[in-house]
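At position 696 of the sequence shown the residue is numbered 729 (the numbering used here), and the sequence of numbers has no breaks.
Heads up, the beta-carbon is just placed ideally off N, CA and C, and yes, glycines get one too.
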Amino acid sequence: MEEGGGAGRPYGLSRTDAAARLARDGANEVPRARPTSAAWRVLRQLRDPLVLLLLAALAVTLVVGDIADAAIIGLVIAVNTAIGVVQEARAGKAIAALDAMAAPTARVVRDGADEVLPAAAVVVDDLVRLEAGDVVPADLRLLDAHRLALDEAALTGESVAVARRAGQEACAGTVVVTGRGAGVVVRTGARSALGRIALAVAGTRPGPTPLQRRLADLGRVLGLAVVALSAVVFALGVLRGTPALEMAITAVSLVVAAVPESLPAVVTVALALGARRMAAQHAIPRRLHAVETLGSVTVVASDKTGTLTEGRMSVQSAVDACGDAYTVEGHGYEPAGLVQGPGGGAIPDRLRELARAVVLCADATVLAPDAEHPEWRPAGDPMEAALVAFAARCGLTPAKEREEWQRVDEIPFDAGTRRMSTAHVSRDGRGLVVCKGAPEVVLTEGVVEWVPPGSREAAADLAERGLRVLAVAAGEDARLTRTAEAVGLRYLGLVAIGDRVRDEAAATARAFERAGIRLLLVTGDHPGTATAVGAEVGIWRPGDVVHNGDATTSTVEAAEDVRVFARVAPERKLDLIHALRRCGHVVAMTGDGVNDAPALRRADIGVAMGSGTEVARQAADLVLMDDNLATMAVAVREGRRSYANIRRFLHYALAGGTAELLVMLAGPLMGLALPLLPAQILWINLLTHGIPGVALGAEPASANTMRRAPRPPQESVLGAGLATAIAWTGLGLAAVALGVGVFAAHHDRPWQSMLFLVLGLGQLGVALAVRARRTPGGDRNPALGAAVALSALLLLAGVTLPPLRDLLGTTALSLTDWAWCAGLSVLPGLGVLAVRRPFSHTRHTATIREWRPVHPSDPDPVTPATGPFAAQPRWSRMLRPRSRHWA
Numbered sequence: 034m035e036e037g038g039g040a041g042r043p044y045g046l047s048r049t050d051a052a053a054r055l056a057r058d059g060a061n062e063v064p065r066a067r068p069t070s071a072a073w074r075v076l077r078q079l080r081d082p083l084v085l086l087l088l089a090a091l092a093v094t095l096v097v098g099d100i101a102d103a104a105i106i107g108l109v110i111a112v113n114t115a116i117g118v119v120q121e122a123r124a125g126k127a128i129a130a131l132d133a134m135a136a137p138t139a140r141v142v143r144d145g146a147d148e149v150l151p152a153a154a155v156v157v158d159d160l161v162r163l164e165a166g167d168v169v170p171a172d173l174r175l176l177d178a179h180r181l182a183l184d185e186a187a188l189t190g191e192s193v194a195v196a197r198r199a200g201q202e203a204c205a206g207t208v209v210v211t212g213r214g215a216g217v218v219v220r221t222g223a224r225s226a227l228g229r230i231a232l233a234v235a236g237t238r239p240g241p242t243p244l245q246r247r248l249a250d251l252g253r254v255l256g257l258a259v260v261a262l263s264a265v266v267f268a269l270g271v272l273r274g275t276p277a278l279e280m281a282i283t284a285v286s287l288v289v290a291a292v293p294e295s296l297p298a299v300v301t302v303a304l305a306l307g308a309r310r311m312a313a314q315h316a317i318p319r320r321l322h323a324v325e326t327l328g329s330v331t332v333v334a335s336d337k338t339g340t341l342t343e344g345r346m347s348v349q350s351a352v353d354a355c356g357d358a359y360t361v362e363g364h365g366y367e368p369a370g371l372v373q374g375p376g377g378g379a380i381p382d383r384l385r386e387l388a389r390a391v392v393l394c395a396d397a398t399v400l401a402p403d404a405e406h407p408e409w410r411p412a413g414d415p416m417e418a419a420l421v422a423f424a425a426r427c428g429l430t431p432a433k434e435r436e437e438w439q440r441v442d443e444i445p446f447d448a449g450t451r452r453m454s455t456a457h458v459s460r461d462g463r464g465l466v467v468c469k470g471a472p473e474v475v476l477t478e479g480v481v482e483w484v485p486p487g488s489r490e491a492a493a494d495l496a497e498r499g500l501r502v503l504a505v506a507a508g509e510d511a512r513l514t515r516t517a518e519a520v521g522l523r524y525l526g527l528v529a530i531g532d533r534v535r536d537e538a539a540a541t542a543r544a545f546e547r548a549g550i551r552l553l554l555v556t557g558d559h560p561g562t563a564t565a566v567g568a569e570v571g572i573w574r575p576g577d578v579v580h581n582g583d584a585t586t587s588t589v590e591a592a593e594d595v596r597v598f599a600r601v602a603p604e605r606k607l608d609l610i611h612a613l614r615r616c617g618h619v620v621a622m623t624g625d626g627v628n629d630a631p632a633l634r635r636a637d638i639g640v641a642m643g644s645g646t647e648v649a650r651q652a653a654d655l656v657l658m659d660d661n662l663a664t665m666a667v668a669v670r671e672g673r674r675s676y677a678n679i680r681r682f683l684h685y686a687l688a689g690g691t692a693e694l695l696v697m698l699a700g701p702l703m704g705l706a707l708p709l710l711p712a713q714i715l716w717i718n719l720l721t722h723g724i725p726g727v728a729l730g731a732e733p734a735s736a737n738t739m740r741r742a743p744r745p746p747q748e749s750v751l752g753a754g755l756a757t758a759i760a761w762t763g764l765g766l767a768a769v770a771l772g773v774g775v776f777a778a779h780h781d782r783p784w785q786s787m788l789f790l791v792l793g794l795g796q797l798g799v800a801l802a803v804r805a806r807r808t809p810g811g812d813r814n815p816a817l818g819a820a821v822a823l824s825a826l827l828l829l830a831g832v833t834l835p836p837l838r839d840l841l842g843t844t845a846l847s848l849t850d851w852a853w854c855a856g857l858s859v860l861p862g863l864g865v866l867a868v869r870r871p872f873s874h875t876r877h878t879a880t881i882r883e884w885r886p887v888h889p890s891d892p893d894p895v896t897p898a899t900g901p902f903a904a905q906p907r908w909s910r911m912l913r914p915r916s917r918h919w920a
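And the structure:
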């Protein structure tokens with residue numbers, strides 16, 4: 034791409050010119066890593082520890098010349114590798130689509146009008162506007178800079194923000210920390226500073242997720258255990274006089290059968306499907322590990338604006354300098370509206386003066402509807418856009434007022450001072466300084482000459498109604514200084530900005546409560562505002578404490594008992610996260626501002642709003658494109674579903690492997706010299722661990738998914754009773770299969786074929802038994818039923834079709850034999866259902882107040898401390914099997 038000459042016309046490029054440059058230079062995108070080739074995907078599947086065991090088994094069978102068993106082992110490897118490659122490719126496409134949905138945007142001037150465009154559409158010589166929280170979309174030569182400071186850590190590693198002046202460059206990928214500015218694009222894409230760095234790291238791949246690492250460790254442990262037990266089978270067989278070569282092949286086949294080689298594919302299926310379902314509900318997981326971590330969240334620390342509320346700010350009330358109150362009506366950011374005062378007449382000049390001041394001391398604008406956006410929308414800070422709409426509803430033309438009073442200096446809003454000041458000069462040379470901010474800051478003698486009686490009380494009354502209140506002051510003869518901001522101002526009045534609580538917010542809070550998740554409101558608003566919203570949502574009740582960040586109360590001390598936190602500075606959110614984590618919580622923190630980025634990174638799950646700043650979205654693990662906290666409840670449900678399906682597969686696959694090991698170990702002791710031939714073991718493994726196992730990863734959420742407490746993060750993937758369930762299920766499968774074999778042998782029936790059939794069909798029955806309980810009208814998973822049916826037909830073909838009988842060494846069965854096999858093979862699945870059914874009732878927490886996190890060593894981490902679900906005596910808990918966690 035060519036370097037721009039910096040034309041930088043005040044009205045920006047024309048749309049036609051911009052389109053021509055985009056076609057010439059290409060999209061403004063940094064180089065991406067090369068797509069993973071199919072060969073590399075196959076190799077990555079073959080590197081899994083469990084698959085390496087199968088490859089070793091394949092080598093052994095080829096060395097000893099057992100071509101038939103080698104063919105079956107090769108088929109097992111091929112089928113599972115193909116499944117894994119296909120699912121990995123689908124997951125890659127899903128993540129790429131999610132990245133596109135969360136792509137950064139830029140505020141560009143085209144044909145003299147501000148437009149919000151995807152950053153990829155920015156071209157050389159575009160005029161780009163920058164505000165606090167924006168990510169610089171391309172390399173710019175700054176034309177305008179007011180108190181502009183950039184965080185260049187992404188390029189230089191320097192954590193201290195760097196001031197930038199007009200004439201200097203702002204590099205792509207840096208973040209605007211304070212101030213505002215505008216610049217002309219000089220380099221885009223690979224030629225930008227960020228693009229040059231991206232070229233050097235284009236081949237870097239993300240590491241495995243925590244769940245994948247735990248499962249890989251599990252695979253290594255299982256592999257060692259299976260090899261050891263297979264060696265025992267080999268030794269016992271040789272001691273009984275069975276040829277060593279035959280026992281070697283049997284031991285190898287047993288390794289193949291006991292290894293859940295479909296596990297990597299199942300994990301990929303579960304997480305990828307979870308990510309896709311989240312995206313369909315407007316929750317974009319930027320990192321795949323967010324899908325699994327969401328299932329463990331115990332606390333959601335939510336901000337207010339745009340999350341619990343609708344996110345469309347509007348001035349609802351105003352109070353002028355004389356104390357007269359006005360009601361402002363209007364829809365969203367639409368300029369049209371109705372302003373009603375005490376007398377019901379025309380809008381007085383003092384209210385117009387207040388409206389003029391707020392629109393001058395604001396950087397945002399409102400954009401008219403178009404074909405893509407059917408409603409008026411903000412360009413810039415939503416609260417300042419609400420002030421612009423308010424001025425229009427008062428009869429002013431915001432653009433004309435800003436043109437009449439040119440801004441010459443400013444001190445941007447700062448979280449520490451909680452105010453913003455601007456200096457203006459009119460066309461006839463008059464000066465004007467405007468200051469707006471929190472009433473407790475502006476209504477002081479250091480800012481205004483005189484505080485009218487009742488003004489502070491009026492501000493408090495508005496705040497108690499849940500409105501964000503700004504006090505406004507201005508002065509013609511005032512001056513702007515870095516230390517005092519503004520002095521000698523005249524009080525103009527108050528504006529109260531409201532953001533209606535979402536209709537579904539209260540239902541979302543109750544859903545979190547039922548799921549054992551504690552919802553906190555963490556906001557920088559006035560305590561009265563926070564209390565009003567908390568009460569409407571249902572997380573604050575009369576008599577509850579509201580933590581005030583301005584007070585001396587420690588955030589750490591309040592973490593476990595308080596649910597509404599007001600006046601919380603962004604840096605104090607880090608203290609709150611630390612305190613909650615020390616209490617044993619897994620914390621999800623929401624945010625949308627540039628100052629929220631550290632807290633989003635520190636939290637276990639950082640949740641950014643789709644309408645928030647780009648830096649917040651980049652720091653987050655999950656992006657809510659609709660800014661709705663109810664969407665996060667859906668995401669938590671999907672996270673729990675994904676993890677439950679992985680555990681469901683482990684229950685099914687490991688129980689089958691355990692049964693096969695027990696059959697081969699105990700069979701000779703019961704008079705069955707070689708219970709199963711190697712080919713029979715491999716055929717059962719292929720048909721049970723393959724397609725049915727992967728189909729379990731697509732099971733819908735159970736009926737009680739959101740009515741259980743979160744799983745402890747320290748809990749093993751086989752914890753909460755799953756290991757015990759695997760052992761009992763495997764024992765049941767083995768007992769039924771061996772029982773059939775011994776009975777048939779005693780009556781001179783084809784016992785080996787009957788044992789083969791019962792063991793295979795019994796495992797398929799367990800697959801249906803461990804599936805999720807359906808809710809009335811809920812989702813179905815027809816893939817599992819189809820997979821089980823197909824596997825059952827192929828299993829039956831192993832004893833009916835002559836070519837397969839010759840390959841597997843089976844014998845044709847009589848109708849009586851078929852009846853016995855069909856009747857007894859359902860017993861293991863019925864046994865699993867019998868254990869689950871008595872405990873299918875929903876156990877959940879009564880209220881947020883009654884739930885507490887418990888140390889993982891607690892014998893019953895689901896049970897709350899008090900209330901109707903309080904812990905029962907140990908003997909009564911012993912009567913309730915731990916299967917409620919894996920059911």
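Cβ-Cβ separation, residue j to residue i (assumed contact under 8 angstroms), whole Å
| i | j | result |
| --- | --- | --- |
| residue 164 | residue 213 | 5 angstroms |
| residue 312 | residue 366 | Between residue 366 and residue 312 the Cβ distance is about 27 angstroms, and since that is not below 8 angstroms, they are no contact. |
| residue 143 | residue 51 | 6 angstroms |
| residue 219 | residue 174 | 5 angstroms |
| residue 346 | residue 416 | 5 angstroms |
| residue 672 | residue 254 | Incorrect: roughly 25 angstroms between the Cβ atoms, too far for contact. |
Bridge partner(s) assigned by DSSP for residue i
| i | result |
| --- | --- |
| residue 333 | 552 and 621 |
| residue 164 | 213 |
| residue 531 | 347 |
| residue 342 | 534 |
| residue 27 | Since the displayed the chain opens at 34 and closes at 920, residue 27 lies outside it and no answer follows. |
Rounded C-alpha distance that separates residue i from residue j
| i | j | result |
| --- | --- | --- |
| residue 893 | residue 327 | Residue placement at residue 893 is poorly supported in this model, since its pLDDT is 32, which falls under 50; the coordinates still yield a value, given next. Those two C-alpha atoms are separated by around 21 angstroms. |
| residue 199 | residue 457 | 19 angstroms |
| residue 680 | residue 755 | 8 angstroms |
| residue 269 | residue 546 | 56 angstroms |
| residue 131 | residue 659 | Because residue 131 carries a pLDDT of 41, less than 50, the predicted location of this residue cannot be relied on, and the following value inherits that uncertainty. Computed Cα separation, rounded: 14 angstroms. |
| residue 114 | residue 782 | 38 angstroms |
| residue 832 | residue 786 | 7 angstroms |
| residue 24 | residue 639 | No answer is possible for residue 24: the residues shown for the chain start at 34 and end at 920. |
| residue 15 | residue 657 | The chain is shown from 34 up to 920; residue 15 falls before or after that span and cannot be answered. |
| residue 156 | residue 336 | 36 angstroms |
| residue 855 | residue 722 | 21 angstroms |
| residue 502 | residue 564 | 14 angstroms |
| residue 595 | residue 581 | 11 angstroms |
| residue 720 | residue 278 | 26 angstroms |
| residue 895 | residue 749 | Low confidence applies here, because residue 895 scores a pLDDT of 33, under 50, leaving its location unreliable; read the following figure in that light. Near 15 angstroms, if we compare the C-alpha coordinates of residue 749 and residue 895. |
Cβ-Cβ distance between residue i and residue j below 8 angstroms
| i | j | result |
| --- | --- | --- |
| residue 528 | residue 505 | yes |
| residue 610 | residue 641 | no |
| residue 800 | residue 676 | no |
| residue 161 | residue 206 | no |
| residue 349 | residue 571 | no |
| residue 353 | residue 387 | yes |
| residue 784 | residue 772 | no |
| residue 398 | residue 412 | yes |
| residue 630 | residue 602 | no |
*asked:* List, from N- to C-terminal side, the beta strand (DSSP E) runs of 3 residues or more that fit wholly inside the region 624-682.
replied: 638-642 and 655-657
*Go through the region 696-768 residue by residue and report every complete run of the alpha helix (DSSP H) that reaches 4 residues or more, in order.*
711-722 and 724-729
_Complete alpha helix (DSSP H) runs within the region 795-841 (minimum length 4 residues, chain order)_ = 815-830 and 835-841
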